[in-house]
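All remarks here apply to the structure that follows.
The structure is reproduced here in structure tokens:
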């Protein structure tokens, strides 16, 4: 069964802005799905419609087989939402926020506290349960929203930029947490501007731009479309003059750094052999740009210029 | 867990949240009406009232007691819901309710019951205060309680509608300042409408607060300018109309969804 099936979804706001121009997305049960797009592309509108925060203009949304128009209560019961903006009461205590949210889903108070303890402990917030939510740091507020979204044990978790503005350590611990959740069977839809996050976590991906889906495929297939990758090489010794290589073009960045583009039919071994042959030592190398980021920029620019994929 | 037990838990959660919201800050919510009403009793009841003499067969202070109590009930039930629901919109935590499987009628019932609990609590407090200034003998406990509750329901609903349409904190003060307060003062709190010329008596009959004040006065003192059947019917009619309109707003997502 599909966790989410969206067909011909359209949204026209009152001011006439057409945020979604008939999108189709299918997310399988147990998937870790990335929904990417530039700002204003329609991601948050789509998420808003799925989670009942935004009224759709037309189209169909089904969550685990429940139709949003016919059975909104069942749809809502299946979904947990971590929105982009903080949307909890800043004057409530952390424990109360979680327990009240459980109450809205019909979970009795005693059981709600038991679940709150579990999720707050998992997210390192249990010690702060009696603190006012406004006193939390940005990273803790994000984790609080995750704990709140999980209290009714949703089958589909929607994370709208969950790691925005948090430091790398917390971000990595959140990635681990999300991966474990997914491994235990929760379907996850993730929107993010950190494309390395989407690349490392998600198995399937849709890219939305100007209200249309411009790509919807498996992550590995998408990455395979990348014909050229650019690497930055750190040299052992300063280089006075760039050497001439067969089929590789080096570009000087500074005295001890060069970049080189390698197409999918070339190998890095060939490059290293030629450099070694010319007595040039390499101490380290890295991707100039994240692979998905490179593809994403290409696609969005192509869509903007009207180029068909 | 049956559907209705889930609904009940959701209702109790919203009600408890709303009750604790104002109960925790009782110094700002329960005490001020008691102080204001005490000042009314001292100034209008004792100092000025003693020179006015009797009204409808009662001393002036006894005559104004029901109106003053009801005025506190009206303003508190209204302001509780309007400020709470608008604040939940403003801080976006109303989204917690919108995304959860709580039917709209439960959301409305939860907020209204919060407003009713504050209205009744303030009403009881003000009634206790009034016992220090008057010798009122309650004529009908049933009427008194019914009017307490019905008035609180009606003005909680009105506060809810105001909050749905409000886009700023200014918008939640416009209705109380320019509509609610004038209607309350012209609703026969401080005078009997029999004192007015015929034309203004007829105009006063269009004021719904007049019916509530008189129904409450009947419960406490046993006198009223209006028939009790008419008063009760009008209050219930207003409750039904405002409830239907509130549910329509919630179902359409007006003011809370884009």
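Chains as they are written, first to last, in the numbering used here: chain A, 133 to 441; chain B, 278 to 535. Positions of the beta carbon are idealized from the N, C-alpha and C atoms, including for glycine.
Just list the residues that DSSP pairs residue i with in beta bridges.
| i | result |
| --- | --- |
| residue 158 of chain A | A:137 |
| residue 338 of chain A | A:167, A:348 |
| residue 367 of chain A | A:414 |
| residue 532 of chain B | Answer is none; residue 532 of chain B lacks a bridge partner. |
| residue 395 of chain B | None; residue 395 of chain B has no bridge partner. |
| residue 374 of chain B | The partner list for residue 374 of chain B (beta bridge, DSSP) is empty, contrary to what the question assumes. |
| residue 361 of chain A | A:394 |
| residue 150 of chain A | A:144 |
| residue 212 of chain A | A:289 |
| residue 382 of chain A | A:392 |
| residue 199 of chain A | A:194 |
| residue 225 of chain A | A:264 |
Here's the rule I'm using: 16 or more other beta-carbon atoms within 10 Å means buried, otherwise exposed. How should residue i be labelled?
| i | result |
| --- | --- |
| residue 301 of chain B | exposed |
| residue 428 of chain A | buried |
| residue 518 of chain B | exposed |
| residue 163 of chain A | buried |
| residue 219 of chain A | buried |
| residue 343 of chain A | buried |
| residue 535 of chain B | exposed |
| residue 339 of chain B | buried |
| residue 419 of chain A | exposed |
| residue 374 of chain A | exposed |
| residue 370 of chain A | exposed |
| residue 386 of chain A | exposed |
| residue 558 of chain B | Residue 558 of chain B cannot be examined here, being either before or after the span of chain B that is shown, 278 to 535. |
| residue 165 of chain A | buried |
| residue 483 of chain B | exposed |
| residue 272 of chain A | buried |
| residue 521 of chain B | exposed |
| residue 441 of chain A | A caution first: residue 441 of chain A carries a pLDDT of 46, below 50, which makes its placement in the model unreliable, though a value can still be read off. Flag for residue 441 of chain A reads exposed. |
| residue 297 of chain B | exposed |
| residue 316 of chain A | exposed |
| residue 304 of chain B | exposed |
| residue 233 of chain A | buried |
| residue 353 of chain B | buried |
| residue 293 of chain A | buried |
| residue 259 of chain A | exposed |
| residue 502 of chain B | buried |
For my contact list, residue i and residue j are in at a C-beta cut-off of 8 Å; report their separation, rounded to the angstrom.
| i | j | result |
| --- | --- | --- |
| residue 349 of chain B | residue 397 of chain B | Contact doesn't hold; Cβ gap of about 11 Å is too wide. |
| residue 532 of chain B | residue 526 of chain B | 7 Å |
| residue 392 of chain A | residue 376 of chain A | The pair is not a contact, with the Cβ atoms about 13 Å apart (cut-off 8 Å). |
| residue 170 of chain A | residue 184 of chain A | Actually they do not touch by this definition, with Cβ atoms about 25 Å apart. |
| residue 324 of chain A | residue 366 of chain A | With a Cβ gap of about 29 Å, residue 324 of chain A and residue 366 of chain A do not count as contacting. |
| residue 307 of chain B | residue 454 of chain B | That pair is no contact at about 22 Å. |
| residue 374 of chain B | residue 236 of chain A | 6 Å |
| residue 488 of chain B | residue 511 of chain B | 5 Å |
Does DSSP put residue i in a helix, in a strand, or in coil?
| i | result |
| --- | --- |
| residue 259 of chain A | helix |
| residue 276 of chain A | helix |
| residue 332 of chain B | strand |
| residue 194 of chain A | strand |
| residue 429 of chain A | helix |
| residue 264 of chain A | strand |
| residue 322 of chain A | strand |
| residue 441 of chain A | Confidence is the limiting factor: at residue 441 of chain A the pLDDT is only 46, short of 50, which leaves the residue's position unreliable and the question unanswerable from this model. |
| residue 376 of chain A | coil |
| residue 301 of chain B | coil |
| residue 339 of chain B | helix |
| residue 448 of chain B | helix |
| residue 419 of chain A | strand |
| residue 218 of chain A | coil |
| residue 486 of chain B | helix |
| residue 183 of chain A | coil |
| residue 473 of chain B | coil |
| residue 368 of chain B | coil |
| residue 235 of chain A | helix |
| residue 298 of chain A | coil |
| residue 468 of chain B | coil |
| query | Are the segment 316-330 of chain B and the segment 236-246 of chain A touching, with three or more C-beta to C-beta distances below 8 Å? | reply | no
| Is there contact between the segment 143-161 of chain A and the segment 307-315 of chain A, where contact requires at least three CB pairs shorter than 8 Å? | no
| the segment 407-414 of chain B touching the segment 435-446 of chain B, judged by at least three CB pairs closer than 8 Å | no
| task | Kindly confirm or deny that the segment 189-203 of chain A and the segment 135-153 of chain A touch, where touching means at least three C-beta pairs closer than 8 Å. | result | yes
| the segment 289-308 of chain A in contact with the segment 228-235 of chain A per 3-pair CB rule at 8 Å | no
| Any residues in the segment 505-535 of chain B with a beta carbon nearer than 7 Å to a beta carbon of chain C? Which ones, in chain order? | The structure shown contains no chain C; its protein chains are A and B.
| request: Check whether the segment 207-223 of chain A touches the segment 275-294 of chain A, counting contact only when three or more Cβ pairs, one atom from each stretch, lie closer than 8 Å. | output: yes
| said: With three or more beta-carbon pairs closer than 8 Å as the criterion, would you say the segment 422-435 of chain B touches the segment 362-369 of chain B? | reply: no
| query | Do the segment 373-388 of chain B and the segment 469-482 of chain B make contact, defined as three or more Cβ pairs closer than 8 Å? | reply | no
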